[in-house]
Structure formats: structure tokens, C-alpha cells
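Here the sequence shown stands for residues 1244 to 1432, numbered as in this note's numbering. All residues carry an ideal CB built from backbone N, CA and C; glycine is no exception. Only one structure is covered here, and it is reproduced in the block below.
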Amino acid sequence: MFPRALAIGTPVQHKATEAPVTSTSASGLARFNTLEEPAARAELHEACASTAWARQLLAARPYATPEDLYAASDAAMAALTADDLAEAMAGHPPIGRPKPGDPTSSREQAGMAGATEALKAEMLELNLAYQDRFGHVFLICATGRTGEQMRDAVKERIGNSPEQEREIVRTELGKINRIRLTRLVEQDA
């Protein structure tokens, strides 16, 4: 869970998901910092569909390091309202059904690609039950997870209260955003 009182630009301790600074990430960050606002907004929209999140990240440019960008992302995610979270979630397809033609969605959901037909059918059923209960798609940082792990997670989380689930979704979105921002800053300038 992300701290709610964290100000943009405040250093945040990150562990396994923190990407090392490389010359490629430094040049990619410089490229992002110098993009015209509409182009930067479009790149951020590829990472997260929340306009409030993107607005906060745009307002804090330029970033000295990728870690500063990630900390700003964490702070912006922590500040999202329920409506902002709903907007962010709307940009994600259900697990097991990546957006057609979207390599990011397919890459992130690769754990379902080799799943058995029975597991895919079970996931579809669980996705629908989850959506009926919470009013939005089941959201998890699927990168590196197997189909079975995602199935087990939805089974575990479907019993949560809406408040508990909203905070879990916030955390999962933060993980997804960090992975996507890392890819963004690792692009060559």
C-alpha cells in the first residue's frame, strides 16, 4: 500500500521493483522530460488511464532520476480518488483477455497465454463474478504470474470488502505503473 501523505518528489524506499539507473534509462528519462506536453501525456496514458495521475506526473517534470519519476507516480497513485481509480481500471482488460493488438497487454498477461482451456474458462467465470461484486475488472499486476497464481488471487480477493479491494487495486496499479514507467524511461532518447 502506498502512503497517502507522501508528497510528490519525496523519496520512497522501493525494493524488488526498483529499476537500476542505466545510461539508457537516463537518456529515456531525458527524452520524456523534454517531450511536448501532449506527447508526454499520451505516453503516460499508455502507462495508466487516469488523467489525474498523468496530470500530477506532468506537473512535476522534469525528473532528475527515474526514482524521482517512480516516487511521483507512487504519490499520484496514493492521491487518486475512487473515481480516478475507476478511470485507471477502465484502461485494463480482464485477465485472460488482453486487448487485441496491444503488445503491452499481451506481454503482461503472458501467464494466461499457455493456460489450459479449463483454466481460461474458470478465469472467465471468476472475472465475471468479481466484476459483479465490485463493479470493475479484477486487476492484478500479472507480470511474472502464472495463470494458476492469478486464479488463486481472484479467488482469495473476491471475499474482500469493497474498501479492502480498492486499496489492493491501488497497490496493484502502482506496480503496473512502475513496470510501464520503467519501460518508458528505458526507451532510447
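Worksheet item: Roughly how many whole angstroms lie between the Cα atoms of threonine 1347 and glutamate 1289?
Response: One C-alpha to the other measures close to 9 Å.
Item to complete: Give the DSSP-derived three-state secondary structure of arginine 1376 in the structure shown.
Response: Three-state result, arginine 1376: helix.
Worksheet entry | With 16 other Cβ atoms within 10 Å as the buried cut-off, status of serine 1293 | In the assembly as shown, serine 1293 is a buried residue. Its beta-carbon has 16 or more other beta-carbons within 10 Å.
Discussion item. Let's test the definition: count the other Cβ atoms within 10 Å of the Cβ of proline 1309 and tell me whether it reaches 16, buried, or not, exposed.
Written reply: Buried.
Worksheet item: What is the DSSP secondary structure of glutamine 1430, counted as helix, strand or coil?
Response: Coil at glutamine 1430, not helix or strand.
Worksheet entry | Endpoints, alpha helix (DSSP H) assigned at glutamate 1289 | Its alpha helix (DSSP H) spans residues 1280–1290.
Item to complete: Kindly confirm or deny that the stretch 1358–1373 and the stretch 1322–1329 touch, where touching means at least three C-beta pairs closer than 8 Å.
Response: Taking a cut-off of 8 Å for Cβ pairs, the stretch 1358–1373 and the stretch 1322–1329 do not touch, as fewer than three such pairs fall below it.
Worksheet item: Exposed or buried, which one is glutamine 1392 when buried takes at least 16 other CB atoms within 10 Å?
Response: By the neighbour-count rule (16 or more Cβ atoms within 10 Å), glutamine 1392 is not buried but exposed.
Worksheet item: CB-CB under 8 Å to glutamate 1279, same chain, minus the five flanking residues each way: which ones, in chain order?
Response: Closer than 8 Å at the Cβ level, and outside the excluded window around glutamate 1279, lies no residue.
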